[in-house]
Structure formats: C-alpha cells, structure tokens
Amino acid sequence: MACLETTPQMYSKWCEKKGLRDKLKINDVNLQNHTTMNSLCKLSPQEQHERNEFDKKTLALKNLLTHDPQAADFRWSIFVAACNTYRHDNCLKPFPPAYIKNDYKDIEKL
Numbered sequence: 004m005a006c007l008e009t010t011p012q013m014y015s016k017w018c019e020k021k022g023l024r025d026k027l028k029i030n031d032v033n034l035q036n037h038t039t040m041n042s043l044c045k046l047s048p049q050e051q052h053e054r055n056e057f058d059k060k061t062l063a064l065k066n067l068l069t070h071d072p073q074a075a076d077f078r079w080s081i082f083v084a085a086c087n088t089y090r091h092d093n094c095l096k097p098f099p100p101a102y103i104k105n106d107y108k109d110i111e112k113l
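Quick note on the numbering used here: the sequence shown kicks off at 4 and runs consecutively.
Shown next as structure tokens:
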C-alpha cells in the first residue's frame, strides 16, 4: 500500500523546539494543592518527598496525555514492540520482578 500524502506532516508536537516544561505545561497551582493536601497527613520528610515526586510525575503524564495523545500512543507502541521482540530476555533488564513466576517472564501481563 503506497502512501498518498504529498506534503510531509509532523507526527507529533514533540518535534517542535520547545522546552519540556512548555510541552507538558505543568500546572504549579494543581501541584501546590496536592502538596497542601499531603501536608495535612502526618508523613515523614522522605515520604513527603516521594509523594511530591509521584504527584509531579502523575501530573506531567496527565498533561502529556491531554496535550499530545499521538506522541503518548507512539511511545507506548514502541515500548510494546520492544517487549514483544525475540530478544526480550536480553533487552528488558532489569525485568520487573512482579511479572516473573517460576523463572518465566510473563510478557503478556507486562
């Protein structure tokens, strides 16, 4: 099947020359709301730091999915393709231990 496009198009907005913060548009107000909610709970400083990092990553992922779903789909497709290669035993190191049962790496569950 031949490609019928006559003009090249960018697949993703990731090709633009912007900073990562511009692409993800991390909303610091939402992040501050999460941190104030976490401060009401009694957590150790290490747990608070881990929770803040988790909140930042969650918010960045949410913004990425809403801002550029094609790029997220493309990255996920590449990850799945890498998991299904014949060399997955060598390529996926370290393999998540939650998906290893009796020395068998369960790619389907991953």
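No residue lacks a Cβ here, since even glycine has one placed at the ideal position from N, Cα and C.
From a predicted model like this one, the values you see are computed outputs, not experimental measurements.
Beta carbon of residue i: closer than 7 Å to some heavy atom of the ligand GTP?
| i | result |
| --- | --- |
| Ile110 | Summarising the ligand content, the structure contains no ligands, and the ligand GTP is consequently not present. |
Tell me the DSSP bridge mates of residue i?
| i | result |
| --- | --- |
| Ile110 | Per DSSP, none; premise fails for Ile110. |
| Ile81 | None; Ile81 has no bridge partner. |
| Lys104 | Tyr107 |
Use the C-beta contact count for residue i: other C-beta atoms within 10 angstroms, 16 or more gives buried, fewer gives exposed.
| i | result |
| --- | --- |
| Leu2 | Residue coverage of the chain in this structure runs from 4 to 113, which leaves residue 2 outside it and unanswerable. |
| Val32 | Its pLDDT being 49, under 50, Val32 is placed unreliably in this model, and the value from its coordinates should be taken loosely. Burial call: exposed. |
Could you give the residue range of the alpha helix (DSSP H) that holds residue i?
| i | result |
| --- | --- |
| Asp71 | No alpha helix (DSSP H) holds Asp71; DSSP gives it neither H nor E. |
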